[in-house]
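**Student:**
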Amino acid sequence: MFVDAGSLYDVIVEAGDKVAFAAGGLSGLHVVQLLAGGRGWEGTFVDLMRIPRWSETLSTAGATTKSAERSRLHGLGEPVFLLRSSADAFVAVGPNPDASAGPKFFVPSGTDYFISADQGDKVAYTSPGAFSGVHIAACYGGGLGARGGVVDCVYRALWSETLTSAGTTVNSLKEAPRRDAFGDGIFRVFPTIDGFITVVQAADPTNTARMPVTALETYDVFASQGDRLAWQPA
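Residue numbers 872 to 1105, in our numbering, belong to the letters of the sequence shown in order.
(1) Applying the 10 Å Cβ sphere with the 16-neighbour rule, what's the burial state of Gln904?
(2) Is it right to say Glu1088 is buried, meaning 16 or more other beta carbons lie within 10 angstroms of its own, or is it exposed?
(3) Can you tell me whether Phe1061 is buried or exposed? The criterion is at least 16 other CB atoms within 10 Å of its CB, across all chains shown.
(4) Using DSSP with H/G/I as helix, E/B as strand and the rest coil, what is Pro923?
(5) Does the segment 948–958 come close enough to the segment 978–994 to have 3 or more Cβ pairs within less than 8 Å?
(6) Am I right that Ser1095 and Ala1074 are in contact with their C-beta atoms under 8 Å? What's the rounded C-beta distance?
(7) Where does Tyr996 fall in DSSP's three states?
(8) Give the straight-line distance between the Cα atoms of Thr935 and Pro966, rounded to the nearest whole angstrom.
(9) Exposed or buried, which one is Thr931 when buried takes at least 16 other CB atoms within 10 Å?
(10) In whole angstroms, what separates the C-alpha of Ser926 from that of Ser957?
(11) Rounded to the nearest angstrom, what separates Gly1019 and Glu949 at their Cα positions?
(12) Report back the beta-carbon spacing between Asp992 and Arg1027 to the nearest angstrom; my notes put them in contact at under 8 Å.
(13) Can you tell me whether DSSP reads Pro974 as helix, strand or coil?
(14) Grab me the residues of Val1005's own chain with a C-beta within less than 8 Å of its C-beta, minus the 5 sequence neighbours each way, in chain order.
(15) Check whether the Cβ atoms of Leu929 and Tyr1011 lie closer than 8 Å to each other.
(16) Short of 6 Å in beta carbon distance, which residues of its chain neighbour Phe1093, apart from the five on each side in sequence? Order them along the chain.
(17) My output table needs one value for Ile1064: the three-state DSSP class, helix, strand or coil.
(18) Which partner residues of Met1082 appear in the DSSP bridge assignment?
(19) Would you mind working out which of Pro1048, Met1082, Leu1044 and Ala1086 sits nearest Gln1072, comparing C-alpha positions?
(20) Pro974 and Ala963 look like a contact to me (Cβ under 8 Å); what is the Cβ gap, rounded to whole Å?
(21) Which stretch, first to last residue, makes up the beta strand (DSSP E) that contains Gly965?
(22) Looking only at C-alpha atoms, which of Val1025, Ser998 and Trp1030 sits nearest to Asn1042?
(23) Using the rule of at least 16 other Cβ atoms within 10 Å of the residue's Cβ for burial, across every protein chain shown, is Ala886 buried or exposed?
(24) By a C-beta neighbour count over all protein chains shown, 10 Å radius and 16 as the cutoff for buried, is Thr1040 buried or exposed?
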């Protein structure tokens, strides 16, 4: 896994484990598959990332050759991808991910980005090019993983849209793909222009309350099934 100079990292280990380090820069998208949540050997919940199962660096647009794996041990949580990109990127997660035409997240350069996954999922990425407006990804976050541990990051995107002018998403939040596992609906919003967003609620479409958003910041906004998101540049 890629680590920054001057930063602290907590990684769960087992007796006899060691740490190896190699200096170097990053060009492209570095993908690490970890396990998160679950229970420790003593039965307590563990809110840390476990030892990476594999890692791969994509130096050009494309998909990982490896896919997410679950632990064969009951308590060791859910597969999670830790992403680190040397440049802004669109990233898709799924069994056949398409970062160009499929549901995707906007991953800013130089940030650690966590996405929960299912066994067999891969990661694909491509350069976003220049866009002006707001990128919205609909997803679910939190909740209990299939192994009973809390997973504190978003699940792979259900759909995504980019609004280049004031308007409302065509898509609305759909039902969670795994209702037994994942918690609240989320719109993950990344604007390139200062503006305002409104959750257009299916239950109360007359509610036009809005919140300001700042360019080049990532926002997570809770949503319910049937909700859409509207954006207005400042």
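Backbone N, C-alpha and C fix where the C-beta goes; we use that ideal spot for every residue, glycine too. None of the values given here were measured: they were computed from a predicted structure.
**Tutor:** Based on what the coordinates show:
(1) Here Gln904 is buried: its Cβ has 16 or more other Cβ atoms, across all protein chains shown, within 10 Å.
(2) With fewer than 16 Cβ atoms within 10 Å of its Cβ, Glu1088 is classed as exposed.
(3) Classified as buried, Phe1061 has 16 or more neighbouring CB atoms from the shown chains inside 10 Å of its CB.
(4) Looking at Pro923 - three-state DSSP - the assignment turns out to be coil, as it is neither helix nor strand.
(5) Here the segment 948–958 makes contact with the segment 978–994; the two share three or more CB pairs at distances below 8 Å.
(6) Contact flag correct, Cβ pair sits at about 7 Å.
(7) The answer is strand: DSSP assigns Tyr996 an E or B state.
(8) Those two C-alpha atoms are separated by around 11 Å.
(9) So Thr931 counts as exposed.
(10) Between Ser926 and Ser957, the alpha-carbon positions lie close to 16 Å from each other.
(11) Confidence in Gly1019 is poor, its pLDDT being 49 and thus under 50, which makes the residue's placement unreliable; the coordinate value appears in the next sentence. If I take the Cα positions, the gap works out to 9 Å.
(12) Yes, Asp992 and Arg1027 are in contact; Cβ-Cβ is about 7 Å, under 8 Å.
(13) Pro974: coil per DSSP, three-state reduction.
(14) For Val1005, where only same-chain residues beyond five positions count, the Cβ hits under 8 Å are Thr1033, Leu1034, Val1060, Phe1061, Pro1062, Thr1063, Ile1064, Gly1066, Ile1068, Val1084 and Trp1102.
(15) Between Leu929 and Tyr1011, the C-beta spacing is not below 8 Å.
(16) So the list reads Asp1055, once near-sequence residues are dropped.
(17) DSSP places Ile1064 in coil when its eight states are reduced to three.
(18) Answer is Ile1068, bridged to Met1082.
(19) Closest by C-alpha distance to Gln1072, out of Pro1048, Met1082, Leu1044 and Ala1086, is Leu1044.
(20) Contact holds; Cβ gap of about 6 Å.
(21) Ala960 to Gly965 is the extent of the beta strand (DSSP E) around Gly965.
(22) Check the Cα spacing between Asn1042 and each of Val1025, Ser998 and Trp1030: the tightest is with Trp1030.
(23) It counts as exposed.
(24) Buried, because 16 or more other Cβ atoms sit within 10 Å of the Cβ of Thr1040.
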